[in-house]
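Residue numbers (our numbering): 722 to 1151.
For reference, the structure discussed in these notes is given below.
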């Protein structure tokens, strides 16, 4: 155990001291933050705003066509078509809209002319606003405004469990939490599992492993490498979370003073208030349960798959392309897990979701999609306990198999290895 700890320390310190670790750990969140800030900046400060001058000779729009930050309408119904053209050519307006007298929506066209070509999205916004108002104008020819509003108003549909009347529907928040946490574990298994495999391959190709195994057992070497890289992953993940929170606190106030943004935030807040408030929904999510399960399945999934990645790395020779053919059986369950998780977030009690959350190779991803719905709505207590026990047993089993493969493969050179050969190594007697 002492030798395993020494190897773990070596793996951890050698990796965190590299410039690549600092660059990927610090620059990657900053790049994402810069990209995120650029999107917000161009969406808020974008110069694709269109100011439309309107002459409504038939009073179809009643001078109340809605405007927003991208498209605004200025009604001057007394202007002629020639005056509209002169106003646009003079540069005061980007476009004009002309509605002729005795307008017939079934026959006549609404003329919109621009000084320059509009973007596809902006053009679609203008058409959508005009068509929406024209549709309402046609309907008002048959019914009153109050009747039309009554027809267009959505019914208040309350969908909930019979034994859960007092709780609010939390499917939306549970969907988001389940998918985000499951996808994070999915990414972690790929990134750090591959990191373990490449570390083993480098030591084998450089013949460093031959020197190390003269002092330690191959299994101790494998476990030390897995624990060291896992510790690097945890530190990197923690730094990303802290940087993400700090960046969010810095970027958000940058656009707080913009009037358009404030108006959008106010409108969103009003909608949230009408729906009962986002805090009311989040209160239905068991945060301690989700965090505890995330940490457990994060570590359990990493240890299970990293041992398999280490076994593949030990069997690969000088040609790194050999690893691609051996990786498919290891990567396939991870891909299947994210597919099952997409169904589990919508239907956490389905048979496929239950199986995926119990099977050790898919449970780290699928169980997070189910546990976001809470206990017992998404998962039963016995299912959660059984899943954790099976994941521990799966980790012990894969570590035992990977250790036997690693012991043979790390010192084997000059022969292309197949899974059939590796299976023989795993069950060969000492």
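Just so it is clear, CB atoms sit at the ideal spot from N, CA and C, and this is done for glycine as well.
With a threshold of 6 Å on Cβ separation, who are the neighbours of residue i within its own chain once the five nearest residues in sequence on each side are excluded?
i, result
"residue 887", "No answer about residue 887 holds up, because its pLDDT of 46 lies below 50 and its placement is not dependable."
"residue 903", "1062, 1086, 1089 and 1090"
"residue 818", "773, 775 and 833"
"residue 725", "941, 944 and 945"
"residue 968", "754"
"residue 1014", "1092"
Would you mind stating whether residue i and residue j have Cβ atoms separated by less than 7 Å?
i, j, result
"residue 917", "residue 947", "yes"
"residue 1073", "residue 1054", "no"
"residue 1094", "residue 895", "yes"
"residue 910", "residue 814", "no"
"residue 794", "residue 775", "yes"
"residue 1119", "residue 1035", "no"
"residue 816", "residue 773", "yes"
"residue 1112", "residue 1084", "yes"
"residue 847", "residue 777", "no"
"residue 964", "residue 1097", "no"
"residue 900", "residue 1092", "no"
"residue 1147", "residue 1131", "no"
"residue 1019", "residue 906", "yes"
"residue 933", "residue 942", "yes"
Can you give me the C-alpha to C-alpha distance between residue i and residue j, rounded to a whole angstrom?
i, j, result
"residue 984", "residue 838", "The predicted model places residue 984 with a pLDDT of 44, which falls under 50 and marks its position as unreliable; any figure quoted below should be read in that light. If I take the Cα positions, the gap works out to 28 Å."
"residue 1124", "residue 755", "43 Å"
"residue 1116", "residue 940", "14 Å"
"residue 1069", "residue 1049", "28 Å"
"residue 1137", "residue 949", "28 Å"
"residue 953", "residue 736", "7 Å"
"residue 811", "residue 796", "17 Å"
"residue 988", "residue 1051", "At residue 988, the pLDDT of 45 sits below 50, so the modelled position is not reliable and the matter cannot be decided from this model."
"residue 809", "residue 791", "17 Å"
"residue 740", "residue 1102", "45 Å"
"residue 1145", "residue 1129", "10 Å"
"residue 849", "residue 877", "26 Å"
"residue 829", "residue 783", "18 Å"
"residue 1021", "residue 957", "18 Å"
"residue 800", "residue 851", "19 Å"
"residue 803", "residue 857", "29 Å"
"residue 999", "residue 866", "The pLDDT assigned to residue 999 is 46, lower than 50, so where the model puts this residue is not dependable, and the model offers no usable value."
"residue 863", "residue 752", "56 Å"
"residue 1155", "residue 924", "Look at the range of the chain in this structure, 722 to 1151, and you will see that residue 1155 is not part of it."
"residue 744", "residue 962", "16 Å"
"residue 1142", "residue 759", "52 Å"
"residue 1045", "residue 738", "29 Å"
"residue 955", "residue 1109", "20 Å"
"residue 1010", "residue 1099", "12 Å"
"residue 723", "residue 734", "17 Å"
"residue 742", "residue 919", "15 Å"
"residue 966", "residue 1064", "30 Å"
"residue 990", "residue 861", "Caution is warranted here: a pLDDT of 43 is assigned to residue 990, below 50, making its placement in the model unreliable, and no coordinate value can be reported."
"residue 874", "residue 868", "10 Å"
Considering just the uninterrupted stretch of the alpha helix (DSSP H) at residue i, what are its terminal residues?
i, result
"residue 854", "841-860"
"residue 807", "802-810"
"residue 1027", "1008-1036"
"residue 1084", "1084-1092"
"residue 1127", "1102-1130"
"residue 1179", "Since the first residue shown for the chain is 722 and the last is 1151, residue 1179 is missing from the structure and cannot be characterised."
"residue 1075", "1072-1079"
"residue 743", "740-743"
"residue 813", "Element bounds for residue 813: n/a, residue is neither H nor E."
"residue 1141", "1140-1147"
Since residue i is in the beta strand (DSSP E), which residue starts that stretch and which ends it?
i, result
"residue 774", "771-777"
"residue 793", "792-796"
"residue 835", "832-835"
"residue 819", "816-820"
Leaving aside the five residues before and after residue i along the sequence, list all residues of the same chain whose C-beta is less than 8 Å from its C-beta, in chain order.
i, result
"residue 980", "The pLDDT assigned to residue 980 is 42, lower than 50, so where the model puts this residue is not dependable; a value taken from the coordinates is nonetheless given after this. The answer is none, since no qualifying residue turns up."
"residue 780", "798"
"residue 1107", "1079"
"residue 727", "945"
"residue 1156", "Because the chain in this structure spans residues 722 to 1151, residue 1156 falls outside the shown range and cannot be described."
"residue 747", "960 and 964"
"residue 806", "817 and 834"
By Cβ distance, which residues of its chain are closer than 7 Å to residue i, with the 5 residues on each side in sequence left out?
i, result
"residue 921", "946, 1031, 1034 and 1035"
"residue 732", "945, 946, 949 and 950"
"residue 1075", "1104"
"residue 854", "782 and 786"
"residue 994", "Because residue 994 carries a pLDDT of 45, less than 50, the predicted location of this residue cannot be relied on, and the following value inherits that uncertainty. No residues qualify anywhere along the chain."
"residue 1057", "1083"
"residue 915", "1030"
Are any of the Cβ atoms in chain D nearer than 7 Å to that of residue i?
i, result
"residue 1115", "Checking the listed chains, one finds no chain D in this structure; it contains a single protein chain."
Checklist entry - Is the segment 841-848 touching the segment 819-830, taking contact as three or more C-beta pairs under 8 Å? => result no
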